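Residue numbers for the sequence shown follow full-length UniProt numbering, so the first one is 1 and each next one is one higher. Using N, Cα and C, we set each Cβ at its ideal position, and we do this for glycine too. Keep in mind that this is a model prediction, so the values were computed, not measured.
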Amino acid sequence: MKNYMVVQNTYSEFLGLIEKQLERRDIGFDYHRPFLDQGLPASVGQFDGLFVLAGACAPNDEKLDYHDDVLRVIQLFRKAQRPVTGIGLGGLLVAEALGGTARAEPEYVAGFVTAHKTPAGEGDALAEALDGLDLFVLHHGAVDLPDGMEPILVDDDGNWLAIHPEPYTYGLLFRPEMKPGMLEDIIMEEDHNPPPNIGELLGEARMNWGDMQRVTDKVVVALVSELGLMQERRKVPVFSLKVE
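So, in structure tokens, the structure goes:
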């Protein structure tokens, strides 16, 4: 069975809507929670790919004390040429791992924005599917892309929403996994860092729920196509050594 590693950064932010989409395709996933002091693996040979999820801080915030470990894992998957998808904070960390520069500002970016395909997105399944659609964005801080890296989707102001800098790697600043219940959990989670307009966002998400589900459908179909998510990679056996 296909098995993906998932790096989770807060209790309330998980694969959400994407979970059922993966399960329908016989794709399993294994959550790793470094924010609970659960260490990340030293090797990735037992996984078919990686998802790095959203979080409650900027990528260079001192609260993200396992920052370097996540970048190391991203690089291991890249070296193994296995799919990597970063979402929200995860998208920022992917961009940083590829040479981008992290910064703490803006304090938050939250709301619905219209996606626009760039010349770099021509022919890309994700960019083609989402061009002109409204996407939900929620993240803290930013990462300036390195010279030569062009986004495939931007918002009305030209800020990047998605990158696909190499065949097996995507960084997404929008949130295809999000559902209204997750926003409620963010509001309730102790020590989270929700934006001050989180109540308004929750109301908008409820109103746009049907469109958000359709966006998720398009995203998963595109990622399956571009990254070969349904392809099972050769995995290194995991042995359990039991001393009698």
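Residue i vs residue j beta-carbon contact at 8 Å
| i | j | result |
| --- | --- | --- |
| V109 | V137 | yes |
| D134 | V113 | yes |
| P165 | L98 | yes |
| R82 | Y170 | no |
| V224 | R103 | no |
| G111 | L201 | yes |
| G141 | N60 | yes |
| I27 | M188 | no |
Own chain residues within Cβ distance below 8 Å of residue i, not counting five before or after
| i | result |
| --- | --- |
| residue 249 | Residue 249 lies beyond the stretch modelled for the chain, which goes from 1 to 244, so this question has no answer here. |
| I74 | L50, V52, V84, G86, L93, V94 and A97 |
| D30 | N3, Y4, M5, V6 and F47 |
| M182 | S12, E13, F14 and G16 |
| K235 | N3, G45, Q46, F47 and D48 |
For residue j and residue i, believed in contact at Cβ under 8 Å, the rounded distance
| i | j | result |
| --- | --- | --- |
| G100 | L173 | About 12 Å separates the two Cβ atoms, so there is no contact after all. |
| A129 | K218 | 4 Å |
| H116 | L153 | 7 Å |
| A162 | E226 | The pair is not a contact, with the Cβ atoms about 11 Å apart (cut-off 8 Å). |
Identity of the residues DSSP links to residue i by a beta bridge
| i | result |
| --- | --- |
| K117 | L153 |
| K2 | I27 |
| I163 | G171 |
| I87 | L172 |
| D144 | T101 |
| V221 | V221 pairs with nothing; no bridge assigned. |
| V7 | H32 and V52 |
| E136 | According to the sequence displayed, residue 136 carries Phe and not Glu. Answer is F112. |
Same chain, Cβ closer than 6 Å to residue i, five either side skipped, listed in chain order
| i | result |
| --- | --- |
| E150 | A120 |
| Q21 | V220 |
| G55 | N9, T10 and L89 |
| S240 | With a pLDDT of only 43 at S240, under 50, the local geometry of the prediction cannot be trusted, and the value read off the model is given with reservation. Around S240: no qualifying Cβ. |
| M1 | G28 |
| F77 | V44, L50 and V84 |
| E19 | none |
| D203 | Note that residue 203 corresponds to Gly in the displayed sequence, not to Asp. Result list for G203: empty, nothing under 6 Å. |
Cβ-based neighbour list, residue i, same chain, cut-off 7 Å, excluding 5 preceding and 5 following
| i | result |
| --- | --- |
| R233 | D48 and R82 |
| D69 | P34 and L40 |
| K63 | C57 |
| A222 | A125, L126 and A129 |
Exercise for the section: Please confirm if the stretch 46-65 is in contact with the stretch 204-211, defined as three or more CB-CB distances below 8 Å between the two stretches. Expected result: no
Original post:
Is it a yes or a no for the stretch 194-205 touching the stretch 145-161, going by three-plus beta-carbon pairs under 8 Å?
Top reply: no
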